[in-house]
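So the protein lines, in turn, are chains A and B. Each residue of the first sequence is one higher than the one before, starting from 23 at the first, in our numbering. Each residue of the second sequence is one higher than the one before, starting from 23 at the first, in our numbering. Cβ atoms here follow ideal geometry from the backbone N, Cα and C, with glycine treated the same way.
2 protein chains.
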Amino acid sequence: MSSEFELIRRYFSRPTAQAILGPGDDCALVAPSPGMNLAITTDMLVEGTHFLPNTDPSRLGWKALAVNLSDLAAMGARPRWALLAGSLPEACESWVGSFAEGLYACATRFGVDVIGGDTTRGPRNLCLTAIGELPAGTALRRDGALPGDDLWVSGQPGLAALGLAHLQARTRLPDELADSCLASLLRPFPRVELGLSLRGLAHAAIDISDGLLADLGHILERSGVAAEVFVAQLPPLPAQADPVLARRCQLAGGDDYELMFSAPPEKRSELAALARRLALPLWRCGHLVGSSPGRIDVFGEEGQPLAIEQRGYDHFG
Amino acid sequence: MSSEFELIRRYFSRPTAQAILGPGDDCALVAPSPGMNLAITTDMLVEGTHFLPNTDPSRLGWKALAVNLSDLAAMGARPRWALLAGSLPEACESWVGSFAEGLYACATRFGVDVIGGDTTRGPRNLCLTAIGELPAGTALRRDGALPGDDLWVSGQPGLAALGLAHLQARTRLPDELADSCLASLLRPFPRVELGLSLRGLAHAAIDISDGLLADLGHILERSGVAAEVFVAQLPPLPAQADPVLARRCQLAGGDDYELMFSAPPEKRSELAALARRLALPLWRCGHLVGSSPGRIDVFGEEGQPLAIEQRGYDHFG
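In structure tokens form, the structure reads like this:
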């Protein structure tokens, strides 16, 4: 059994090129870039709520940081620094080493320095805080959407929730589809480049970690607008999945780290070019209207109105 | 049962004068003051490890922020922003309301804006991140202590650990002493003003939350020096407590949010004046020497060397 201090020294003290002072003091010290605003977010992952007890610790390390970088991406911020606070039932070296490997893999991929943290004993819980920078006035806020905006979503929403259903034996996916769904669930890829590129193009953005319709609802409430969503314009459902389950996962599954955003119609060609440049599909799946703030009308494959029972996931709902 | 979003809206959405954007978006947005460095810290409080299940939630709210402000104080940073991530077994309104009351009381007292966070379901766990500012190059780091420095500590270290021993019926304190020990334990007062005033006076500082000798050890290791500590120069032990327990609590108890710092002897009169101005006792309890980095020699009331069994508290030790 290693001590708390040894564990931190061994696994969480890599060089921090972007910090004045990294782990090992009362605080980390950083110098923000002149003239930049900071975007700051914190997300807690709890065993049994956000991940299963047998989750590969390396993937969990990646995901714990990735979900925070997704929040930075949704604001259009460039990620720079992260802090980790973790509670563990025991100081198991192999678990911690594997977790650190995944965490630093994500940090390295996105140019983030892990500058500090806290380690303690208790039920398994990982809390990451991430800080990014963006020029003043350029943030993609939830409250910037306007009537007439197109509504867009990136990637393949719903795969993570399908993967979870497969893991929990609520459905049975063929191997290849299961692999890609489990990758979405266990090793999500935050849309950092997309977020940076949307500055100046999008009016509002959000990551759809609570479910596509639930998070759309947050934009609508904050911006005082309504939305019409056309499922025929969303990405095609995976052919080998139960279509009812797959649609529910796509609209309300949660744990997706794609971006939903609104942008004026005159940006369509720029957004198409951006999708090609990033090799990331962007789906124009609806538009915003000025009446009934917060309302979402969803239309089916044939244009018929759909009744929506659930918009997303609420930890206490 | 309220939803996660309602809870946040109701209890954690007070105005944030020091932020561009507070709770309710993917990230908070702030504008750092030009030319300032940021000090950033995160601390996790776990039920059963850091607080007892029946702890008054209002006091816990105060403490969760206070322990982070203590880390900022130990760097000499002025606290500005905080984020809260919390995991709760259930969305109990009265608990959350009372916790928020204590949290905002501490935030208001120290001029901090609570700018964001995360709420989720799980074993009770509160993770605060605090951010402060300080002029570049003025931070009170652990690695700045020099041989010949005096060693100082503020206030009355050991009361919190005595209070815990009383709560756990390992000792029995008279009512008045119990009250002051429990106040230290449950409503610690971070030494923010002291930390700010020590810039330019102290060479190194730390808060002694892990225990006086354990945290002194961190300064010694990082600075490559040794220390001689004289218990006769520490604050007198409370007369009505078991002297052996009280001394152990003072030297190694932990959960104290006093500052220990090193300063050159020529600052003694300035530090005496500072103690008067802050109405906070500062105890010159030893000095640093250049040999045997990390070594601590403790001398008893009559100057005899003391054998020290335990320096402090280690969550996995």
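Query                                                                                                                                                                                          : Result
Out of curiosity, what's the CA-to-CA distance linking Ile30 of chain B and Gly233 of chain B?                                                                                                 : 35 Å
Check the Cβ of Cys271 of chain A against every Cβ in chain B and list those closer than 8 Å, keeping chain order.                                                                             : Within 8 Å Cβ-Cβ: nothing; Cys271 of chain A doesn't reach chain B, min ~20 Å.
In this structure, how does DSSP classify Pro79 of chain A when only helix, strand and coil are distinguished?                                                                                 : helix
Since Arg102 of chain B and Val134 of chain B should fall inside the 8 Å C-beta cutoff, what is the C-beta to C-beta distance between them, to a whole number of angstroms?                    : 6 Å
Quick one: Cα of Ala183 of chain B to Cα of Leu235 of chain B, how far?                                                                                                                        : 14 Å
Mind checking Thr63 of chain A: buried by the 16 CB within 10 Å criterion, or exposed?                                                                                                         : buried
Identify every residue that forms a DSSP beta bridge with Asp319 of chain B.                                                                                                                   : B:Glu250
Any idea if Ser55 of chain A is buried or exposed, counting beta-carbon neighbours within 10 angstroms, 16 or more meaning buried?                                                             : exposed
Tell me which residues of the stretch 45-61 of chain A have at least one Cβ-Cβ distance to chain B shorter than 9 Å, keeping chain order.                                                      : Gly46, Asp47, Asp48, Cys49, Ala50, Leu51, Val52, Ala53, Pro54, Pro56, Gly57, Met58, Asn59, Leu60 and Ala61
Have a look at Met23 of chain A and Ser116 of chain A and give me their C-alpha separation to the nearest angstrom.                                                                            : Low per-residue confidence applies at Met23 of chain A: pLDDT is 44, beneath 50, and the placement is therefore not dependable enough to give any value.
State the CB to CB distance for the pair Gln178 of chain B and Pro257 of chain B, rounded to an integer number of angstroms; the pair is presumed to be in contact (CB under 8 Å).             : 5 Å
Would you mind stating whether Leu173 of chain A and Val247 of chain A have Cβ atoms separated by less than 8 Å?                                                                               : no
Asn76 of chain B touches chain A at which residues, Cβ-Cβ below 7 Å?                                                                                                                           : The premise fails here: Asn76 of chain B is roughly 17 Å from chain A at the closest Cβ pair, so nothing lies under 7 Å.
My parser needs the beta strand (DSSP E) runs of 3 or more residues fully inside the stretch 33-59 of chain A; what are they?                                                                  : 50-52
On the DSSP bridge list, what partners appear for Asp229 of chain A?                                                                                                                           : A:Leu281
Could you name the residues that DSSP lists as bridge partners for Pro327 of chain B?                                                                                                          : B:Phe321
Would you please state the rounded distance, in angstroms, between the beta carbons of Leu189 of chain B and Ser206 of chain B? I believe it to be under 8 Å.                                  : Their Cβ separation, rounded to whole angstroms, is 12 Å, which puts Leu189 of chain B and Ser206 of chain B out of contact at 8 Å.
Do we get a CB-CB distance below 8 Å when we pair Pro145 of chain B with the residues of chain A?                                                                                              : yes
Mind checking Arg269 of chain B: buried by the 16 CB within 10 Å criterion, or exposed?                                                                                                        : buried
Closest to Pro327 of chain B by C-alpha separation, out of B:Phe211, B:Leu259, B:Val251 and B:Ala227, would be which residue?                                                                  : B:Val251
I'd like to know if Gly339 of chain B contacts chain A, where contact means its C-beta is closer than 8 Å to some C-beta of that chain.                                                        : Residue confidence is low: Gly339 of chain B scores 43 on pLDDT, short of 50, so the model does not pin down where it sits. Its coordinate-derived value is still stated next. Closer than 8 Å to some Cβ of chain A, the Cβ of Gly339 of chain B qualifies, so yes.
Just tell me which of A:Ser176, A:Met282 and A:Cys271 has its CA closest to the CA of Ile241 of chain A.                                                                                       : A:Met282
Only counting runs of 3 or more residues, tell me where the beta strand (DSSP E) segments fall wholly within the stretch 100-167 of chain A, in order along the chain.                         : 100-110, 135-143 and 147-157
Please report the Cβ distance between Ala226 of chain B and Ser176 of chain B, rounded to the nearest whole angstrom; I am assuming they are in contact, meaning their Cβ atoms lie under 8 Å. : Contact doesn't hold; Cβ gap of about 14 Å is too wide.
Going by C-alpha distance, which of B:Gly57, B:Ala50 and B:Ser231 is nearest Asp140 of chain B?                                                                                                : B:Ala50
For a contact meaning CB atoms closer than 8 Å, what does Ala187 of chain B contact in chain A?                                                                                                : None at all; the shortest Cβ gap to chain A is about 20 Å.
Is the beta carbon of Ser231 of chain B closer than 8 Å to that of Ser80 of chain B?                                                                                                           : no
Determine, for Met97 of chain A, whether the minimum Cβ-Cβ distance to residues of chain B falls below 8 Å.                                                                                    : yes
With distances taken between CB atoms, is the gap from Cys128 of chain A to Ala95 of chain A smaller than 8 Å?                                                                                 : no
Measuring only the C-alpha atoms, how far is Gly276 of chain A from Ser313 of chain B?                                                                                                         : 58 Å
For my contact list, Gly44 of chain A and Gly138 of chain A are in at a C-beta cut-off of 8 Å; report their separation, rounded to the angstrom.                                               : 7 Å
For chain B, is any of its Cβ atoms less than 8 Å away from the one on Thr160 of chain A?                                                                                                      : no
I'd like the span of the beta strand (DSSP E) that includes Gly308 of chain B, first residue to last.                                                                                          : Leu304 to Val311
Can you tell which of A:Glu324, A:Leu110, A:Ala261 and A:Ser25 has its C-alpha closest to the C-alpha of Glu198 of chain A?                                                                    : A:Ala261
CA-CA distance, Gly339 of chain B and Asp237 of chain B?                                                                                                                                       : Here the model assigns Gly339 of chain B a pLDDT of 43, short of 50, so the residue's position is not dependable, and the following value carries that caveat. Using only the alpha carbons, I get a separation of about 15 Å.
Taking C-beta pairs closer than 8 Å, name the residues in chain B that Arg244 of chain A reaches, listed in chain order.                                                                       : Gly46 and Asp47
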